[in-house]
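Using the numbering used here, the first residue of the sequence shown is number 185, and each one after it goes up by one.
By construction, the Cβ of each residue, glycine as well, lies at the ideal position given by its N, Cα and C atoms.
Because the structure is a prediction, the values reported are computed rather than measured.
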Amino acid sequence: MPIRIFAHLTDDLATAGQQAREIEALGFDGVMSHESAHDPFFPLLLAAASSQRLHLMTDVAIAFARTPMTLANLAHDLNAFSGGRFVLGLGSQIKPHVTRRFSMPWSHPAVRMRELIQAIRAIFATWYDGAPLRFEGQFYNHTLMTPAFTPTNTAHGKPSIGIAAVGPLMTETAGAVADRLFVHPFTTEAYLRQATLPHLRKGLDSTGRDPGACQLVYDPMIITGTNEAQFAAARKALADRIAFYASTPAYKPVLDAHGWGALQPELQAMTKSGRWSEMGSLVTDEMLRTFAVMGEVKDIAPQIWSRYGDLVADFGLASSVVDRETLAQIAADLRTKAASG
Numbered sequence: 185m186p187i188r189i190f191a192h193l194t195d196d197l198a199t200a201g202q203q204a205r206e207i208e209a210l211g212f213d214g215v216m217s218h219e220s221a222h223d224p225f226f227p228l229l230l231a232a233a234s235s236q237r238l239h240l241m242t243d244v245a246i247a248f249a250r251t252p253m254t255l256a257n258l259a260h261d262l263n264a265f266s267g268g269r270f271v272l273g274l275g276s277q278i279k280p281h282v283t284r285r286f287s288m289p290w291s292h293p294a295v296r297m298r299e300l301i302q303a304i305r306a307i308f309a310t311w312y313d314g315a316p317l318r319f320e321g322q323f324y325n326h327t328l329m330t331p332a333f334t335p336t337n338t339a340h341g342k343p344s345i346g347i348a349a350v351g352p353l354m355t356e357t358a359g360a361v362a363d364r365l366f367v368h369p370f371t372t373e374a375y376l377r378q379a380t381l382p383h384l385r386k387g388l389d390s391t392g393r394d395p396g397a398c399q400l401v402y403d404p405m406i407i408t409g410t411n412e413a414q415f416a417a418a419r420k421a422l423a424d425r426i427a428f429y430a431s432t433p434a435y436k437p438v439l440d441a442h443g444w445g446a447l448q449p450e451l452q453a454m455t456k457s458g459r460w461s462e463m464g465s466l467v468t469d470e471m472l473r474t475f476a477v478m479g480e481v482k483d484i485a486p487q488i489w490s491r492y493g494d495l496v497a498d499f500g501l502a503s504s505v506v507d508r509e510t511l512a513q514i515a516a517d518l519r520t521k522a523a524s525g
């Protein structure tokens, strides 16, 4: 199947437009923005204005920090302005962030996410198809839409919607209602094939959708470099990142799938005692090779394709160590592998 390859876009608004032009010139198919210290939508607006063909994707925006109506407005405006190039990628985050950082309600995240997307689709049906707005759910109610608040620039159609998921319930939700499943980077090939895909199929079957109705987006972890110092820096950075993910109770099933579940409470205890700098030392070479693709630059694309080429539609490529030109070479190699099958 055809693939698209995305680069990660800066959250620096002063340079986002120029970076988008550079990424487009390097041959990437699109850019992703992530919600952390800054809003994920503003950089994509600048990328839309500064590029001709780049697809735009939030990977991901925090769903429960916003309402279905605000998300529908954001998604519509970016999609319409970019000429139909936008995908709304949403994630639930975890309860402490939603309740204590965003001061928003939290309960039944998979059920709430399903309803939120259904509400957005009901709003889109009003804007794009002229249907009355009569969405009344357990968590969200939208029953008022006047002509003054109905967008008219609808020529490019409804934006696609994706969900980030690790656990079975959220994965089934993606299959039931989303256009894309954003596979968490803390996912191994074995977990993806043995745990994620069966639950995705269950979600698709639950609403009678075709097998290809929800496509996979994956941002594999990469350990590489153009010299030994870069490689060592990339290895350390990924070990620290894997340890951070592994400390989270929600991600323990991924560790359990490989017999590493006992590591999760140990790492979590280290976070509570502030021993952040020591956590990466507990990540073994076996774990690194399981969670990340690792090797010389020329070896990365073949490994990615061997593991995920038959599953993933959209790949993200990122590294805290190697430059975008090196990532562009990996993207070109990956595209060659895809073309040759």
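TODO: Evaluate the contact criterion for the segment 277-284 versus the segment 303-323: three or more CB pairs, one atom per stretch, below 8 Å.
DONE: no
- [ ] Could you please give me the residues that DSSP links to ASP498 through a beta bridge?
- [x] ARG188, VAL401
Open item on the list: Out of PHE499, LYS420, ALA441, which one is the CA nearest neighbour of SER461?
Closed with: LYS420
Task: At least 3 beta-carbon pairs within less than 8 Å: the segment 189-203 vs the segment 250-258 - done: no
- [ ] Determine which residues share a DSSP beta bridge with PHE270 and list them.
- [x] LEU240
Open item on the list: Just to confirm, is the Cβ distance from ALA417 to VAL505 under 7 Å?
Closed with: yes
Task: CB contact flag (VAL367, ALA427, <7 Å) - done: With contacts defined by Cβ atoms closer than 7 Å, VAL367 and ALA427 do not form a contacting pair.
Task: Contact set for ARG491: own chain, Cβ-Cβ below 8 Å, skip 5 residues either direction - done: GLU373, PRO404, VAL477
Open item on the list: Out of VAL215, HIS383, ALA360, THR380, which one is the CA nearest neighbour of ASP531?
Closed with: The question about residue 531 has no answer, for the chain in this structure spans 185 to 525.
Task: Member of ASN325, PHE323, GLY267, MET329 whose CA lies at the smallest distance from the CA of PRO315 - done: Before going further, note that residue 315 is Ala rather than Pro in the sequence given. Nearest C-alpha to ALA315: MET329.
Task: Own chain, CB closer than 8 Å to GLN236, minus 5 neighbours either side, in chain order - done: GLU208
- [ ] Sort out for me which residues DSSP pairs MET354 with in a bridge.
- [x] DSSP output for MET354 lists no bridge partner at all.
Task: Cβ neighbour criterion (16 or more within 10 Å) applied to ASP213 - done: buried
Task: Cβ shell of SER266 (< 7 Å), same chain only, five flanking positions each side left out - done: ALA232, LEU240
Open item on the list: Let me confirm a value: ARG269 is counted as buried when at least 16 other C-beta atoms fall within 10 Å, else exposed. Which label applies?
Closed with: buried
TODO: Measure the C-alpha to C-alpha separation of THR194 and ILE484 and round it to an integer number of angstroms.
DONE: 23 Å
Task: Pair within 7 Å by beta-carbon distance, SER220 and PRO227 - done: no
- [ ] Quick one: grab the DSSP three-state call for PHE265.
- [x] helix
Task: CB contact flag (GLY211, THR242, <7 Å) - done: no
Open item on the list: Between PRO352, MET354, LEU262, which has its C-alpha nearest ALA339's C-alpha?
Closed with: LEU262
Task: Residue span of the beta strand (DSSP E) that contains PHE366, given as start and end - done: 364-367
Task: Three-state secondary structure (DSSP) of MET288 - done: It is coil, neither helix nor strand.
Task: Test item: CB-CB of GLY346 and ALA362 under 7 Å - done: Yes, they are a contact pair.
TODO: Measure the CB-CB distance between GLN452 and SER465 and report whether it falls below 7 Å.
DONE: no
- [ ] Compare the beta carbon distance of GLU356 and GLY321 with 7 Å and say whether it is the shorter of the two.
- [x] no
TODO: Alpha carbon to alpha carbon, how far is PRO331 from PRO369? Give it in angstroms, no decimals.
DONE: Straight-line Cα distance between these residues: approximately 42 Å.
Open item on the list: In whole angstroms, give me the CA-to-CA distance for TYR312 and ASP498.
Closed with: 26 Å
Open item on the list: Could you compute how far the alpha carbon of ARG508 sits from the alpha carbon of ILE406?
Closed with: 13 Å
Task: Delimiting residues of the beta strand (DSSP E) encompassing SER457 - done: Neither: SER457 is in no beta strand (DSSP E) and is coded neither H nor E.
Open item on the list: If you follow the beta strand (DSSP E) that ALA349 is in, where does it begin and where does it stop?
Closed with: 344-349
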